[in-house]
Amino acid sequence: MTYQHDFKQSVQHPEEFWREKATAIKWFQEPKQILTQNAAGFYRWFEGGQLNTAYLCLDYHIEQGRGDQDALIYDSPVTDTIEKFTYRELRDKVAKFAGVLAAQGVGRGDAVVIYMPMIPEAVIGMLACARLGAIHSVVFGGFAPHELAVRIDDARPKVILSASCGIEFERILPYKPLVDKALREAQHQPNAHIMFVRSQQPETLDGPGEVDWAQAVEHAEPVDPVPVDAHDPLYILYTSGTTGKPKGIIRDNGGHAVMMKWSLGATYDTHPGEVFWAASDIGWAVGHSYIVYAPLINGCTTILFEGKPIRTPDAGTFWRVIAQHKVKTFFTAPTAIRAVKKEDFEGKLFRKYDVSSLKYLFVAGERCDPATYDWASQLLGIPVIDHWWQTESGAPMLANMAGYGLQPIKRGAAATPVPGFQMEILGEDGSILGPGEEGYVTIKLPLPPGCLPTLWGDDARFQQSYLNRFPGYYLSGDGGYKDADNYFYIMGRVDDVINVAGHRLSTGEMEEMVAAHPAVAECAVVGIADELKGQRPVGLVVLKDGVEIASDVLEAELVADIRAKIGAVAFFKTCIVVKRLPKTRSGKILRKNIRMLADGVHFETPSTIDDPSILQEIKETLAQEKVGLAFV
Numbered sequence: 001m002t003y004q005h006d007f008k009q010s011v012q013h014p015e016e017f018w019r020e021k022a023t024a025i026k027w028f029q030e031p032k033q034i035l036t037q038n039a040a041g042f043y044r045w046f047e048g049g050q051l052n053t054a055y056l057c058l059d060y061h062i063e064q065g066r067g068d069q070d071a072l073i074y075d076s077p078v079t080d081t082i083e084k085f086t087y088r089e090l091r092d093k094v095a096k097f098a099g100v101l102a103a104q105g106v107g108r109g110d111a112v113v114i115y116m117p118m119i120p121e122a123v124i125g126m127l128a129c130a131r132l133g134a135i136h137s138v139v140f141g142g143f144a145p146h147e148l149a150v151r152i153d154d155a156r157p158k159v160i161l162s163a164s165c166g167i168e169f170e171r172i173l174p175y176k177p178l179v180d181k182a183l184r185e186a187q188h189q190p191n192a193h194i195m196f197v198r199s200q201q202p203e204t205l206d207g208p209g210e211v212d213w214a215q216a217v218e219h220a221e222p223v224d225p226v227p228v229d230a231h232d233p234l235y236i237l238y239t240s241g242t243t244g245k246p247k248g249i250i251r252d253n254g255g256h257a258v259m260m261k262w263s264l265g266a267t268y269d270t271h272p273g274e275v276f277w278a279a280s281d282i283g284w285a286v287g288h289s290y291i292v293y294a295p296l297i298n299g300c301t302t303i304l305f306e307g308k309p310i311r312t313p314d315a316g317t318f319w320r321v322i323a324q325h326k327v328k329t330f331f332t333a334p335t336a337i338r339a340v341k342k343e344d345f346e347g348k349l350f351r352k353y354d355v356s357s358l359k360y361l362f363v364a365g366e367r368c369d370p371a372t373y374d375w376a377s378q379l380l381g382i383p384v385i386d387h388w389w390q391t392e393s394g395a396p397m398l399a400n401m402a403g404y405g406l407q408p409i410k411r412g413a414a415a416t417p418v419p420g421f422q423m424e425i426l427g428e429d430g431s432i433l434g435p436g437e438e439g440y441v442t443i444k445l446p447l448p449p450g451c452l453p454t455l456w457g458d459d460a461r462f463q464q465s466y467l468n469r470f471p472g473y474y475l476s477g478d479g480g481y482k483d484a485d486n487y488f489y490i491m492g493r494v495d496d497v498i499n500v501a502g503h504r505l506s507t508g509e510m511e512e513m514v515a516a517h518p519a520v521a522e523c524a525v526v527g528i529a530d531e532l533k534g535q536r537p538v539g540l541v542v543l544k545d546g547v548e549i550a551s552d553v554l555e556a557e558l559v560a561d562i563r564a565k566i567g568a569v570a571f572f573k574t575c576i577v578v579k580r581l582p583k584t585r586s587g588k589i590l591r592k593n594i595r596m597l598a599d600g601v602h603f604e605t606p607s608t609i610d611d612p613s614i615l616q617e618i619k620e621t622l623a624q625e626k627v628g629l630a631f632v
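With the UniProt record's numbering, the residue at position 138 of the sequence shown is 138, and numbering never jumps.
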């Protein structure tokens, strides 16, 4: 079938389209209805179906004769380790660890928080939860204790899984003190804390509820897959919200499995037996979907990479992994490619390796700027494909779909809508905008399988965050436009959530922390363009009258505070003292205009501004401090 045929069918006859796609996975009980609406009016897929996601990832392939094929390759340049697991070996480890969890009282519908680095045990933990019908919630390893505590209180896990450390370049980051601090802050207390003790950071586990991973596995009995309903949650994944409180995105078992099975072939042109590598982290949606679930559900070999694009040991590490493991399809963030470009612009390290197995480079997580696209495509000589999706969707919404045969590539565009996503650009009044008109990026309901059905424990926030602004449409929160060929261009967030190296972070939350400093009268935190990270937060503060504090001292204190409460991923390093902030007559700070000044983007002075001269003051201050691409 052609892309045009499938897209048309998916939006005109969605039940027929997804009924056919659902036949590609093994159900324990076939769905009774393909598309329904629940009492809250939210759409749900595959009602009455029963399945088990871990079974689809492992046992099913053993039954099909793939038991001796590599399922997972662990490649860790930071520990100089490469370890391979066949489907049978991985199944056996998952079944045993499911027994460990079951012995701690974890069963169908219970939550488990996973706070781990990129090691095989993290994947084993995820799949063991799925095997039991439990709900895992992976928190990015190394996240600040406060953020972990917030997620513990929201998910209310029976068990926490962690490792004794992560490794950042050559630095050991002990995790136990972070978990211990989070547990002291959290109101909810899990039954057990199971830790995998790494040789790089030995730990003594003798506190209440502390369990040694390896010792527990020795005494565990393997567990068979537990059938669950299609609507049962597989996992919760938290994403930043504009209020500062993270939103718990739910992924259900049935719709997720169908989308994962279909998307790896349709979007990425990757099939059973082939090697797929998503250079992400399991703490993010990419890691869930395209390190763990989609490759394994599809019978592929997936790579779990513990390292960085540079300095582990150098900017050739991506190409070494691709050459050594014969990767066909590679997926990473533009930030990573920019880091490699900065270190090896001439491609000298690249030319050391035979990467002839590589057919596609997919990039996502932020817009791929034309300069990065040009460099990568010229270096690799293969299609470089920008595509767009969100934690909420769990799979691409815009893509140049390799499985259908590539369409022409347009630099700066995330290509055309994926079947199932009827995308529209809407104006402020909800009208559908035409080519070249910038507005809100939306998707007409129903969203296809695999998208969030609601938020964890908060239907009202789901409705308010995504559905109320334009009835009948899902609001993505991004702005953009489309062209005459229906290619979409995503221009960035329309709220105050910024994208730092693919991590969505709330500037509103950072602003609250800056404002809490005793010297600060008012402030604004804005995301400005950054050559390496895509965006980075910058704070502008107005001091309280009569307060005297050196600007460098204030900056250091605020940087340390945000690092302690959010973590290094916030990349908050710059805070500038200004006399006043630009505002509308109603008192709203013009954050967008501050950002545009720093980015060197032309704009008309808003008619609602209280005092236009303040913008010139801000521009001069940014130039003096050399903050923003416009002044570097």
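Beta carbons are placed, not taken as given, at the ideal position from N, Cα and C, and that holds for glycine. Note that the coordinates shown come from a computational prediction; the quantities given were computed from them, not determined experimentally.
Do you know whose CA, among the options, lies nearest residue i's CA?
i	options	result
L173	L452, D611, M116	M116
N593	N253, E509, G527, V541	G527
residue 639	F143, V223, G450, P435	No answer is possible for residue 639: the residues shown for the chain start at 1 and end at 632.
F28	G49, P309, W45, G41	G49
Y87	L296, Y440, T267, E438	L296
G534	M513, G502, A402, I562	G502
L455	K245, G412, I282	K245
P448	P417, P225, A214, F470	P417
R108	G125, A95, M118, G133	G133
G450	S162, G457, L558, A395	A395
I490	A214, A192, M397	M397
V525	R536, E511, D374, A516	E511
N191	V211, A570, V197	V211
T270	V159, Q624, V226, G299	G299
A529	Q9, I549, R595, L543	R595
In three-state DSSP terms, what is residue i?
i	result
D70	strand
R151	helix
F331	strand
D6	helix
Q37	strand
R44	strand
I609	strand
A279	coil
M1	coil
M423	strand
K181	helix
N298	coil
M510	helix
To which residues of the same chain is residue i closer than 6 Å at the C-beta, ignoring the five residues directly before and after it?
i	result
A315	V340, E343, D344, L349
residue 647	In this structure the chain extends from 1 to 632, so residue 647 is not present and cannot be described.
Y473	T442, K444
Can you tell me whether residue i is buried or exposed? The criterion is at least 16 other CB atoms within 10 Å of its CB, across all chains shown.
i	result
D552	exposed
E15	exposed
F169	exposed
Q4	exposed
L127	buried
V275	buried
P208	exposed
T23	exposed
D429	exposed
V113	buried
D281	buried
N486	exposed
A484	exposed
I303	buried
R536	buried
N499	buried
P370	exposed
Quick one: residues in its chain with C-beta nearer than 8 Å to the C-beta of residue i, no 5 flanking neighbours on either side, listed in chain order?
i	result
K26	L51, Y55, L56, Y60
S84	The amino acid occupying residue 84 in the given sequence is Lys; Ser does not appear at that position. Closer than 8 Å at Cβ, skipping near neighbours: D70, L72, I73, Y74.
I385	Y360, L361, F362, V363, A399, N400, A402, L406, I409, A415
F318	A279, P309, F330, T332, A336, V340
Looking at residue i and the ligand MN, is the gap between the Cβ and the nearest heavy atom below 7 Å?
i	result
Y474	In terms of ligand content, the structure shown is empty, and the ligand MN therefore cannot be addressed.
Please work out which residues of its chain come closer than 7 Å, Cβ to Cβ, to residue i, disregarding the five sequence neighbours upstream and downstream, and give them in chain order.
i	result
R171	none
Quick one: which unbroken beta strand (DSSP E) runs of 3-plus residues sit fully inside the stretch 213-276? Chain order, please.
Listed in chain order, they are 233-239, 247-252.
Length-filtered (3 minimum) beta strand (DSSP E) runs lying within the stretch 341-419
Counting whole runs of 3 or more residues, the stretch 341-419 contains the beta strand (DSSP E) stretches 360-363, 384-386.
Could you tell me which uninterrupted beta strand (DSSP E) segments, each at least 3 residues in length, are contained entirely in the stretch 517-579, listed from first to last along the chain?
As far as the stretch 517-579 is concerned, its whole beta strand (DSSP E) runs of at least 3 residues are 520-530, 534-543, 574-577.
What are the complete alpha helix (DSSP H) segments, minimum 4 residues, inside the stretch 432-494?
Listed in chain order, the complete alpha helix (DSSP H) runs (minimum 4 residues) inside the stretch 432-494 are 459-462.
Taking only runs that begin and end inside the stretch 129-177, name each unbroken beta strand (DSSP E) of 3 or more residues, in chain order.
For the stretch 129-177, whole beta strand (DSSP E) runs of length 3 or above, ordered along the chain, are 135-138, 159-163, 165-168, 171-174.
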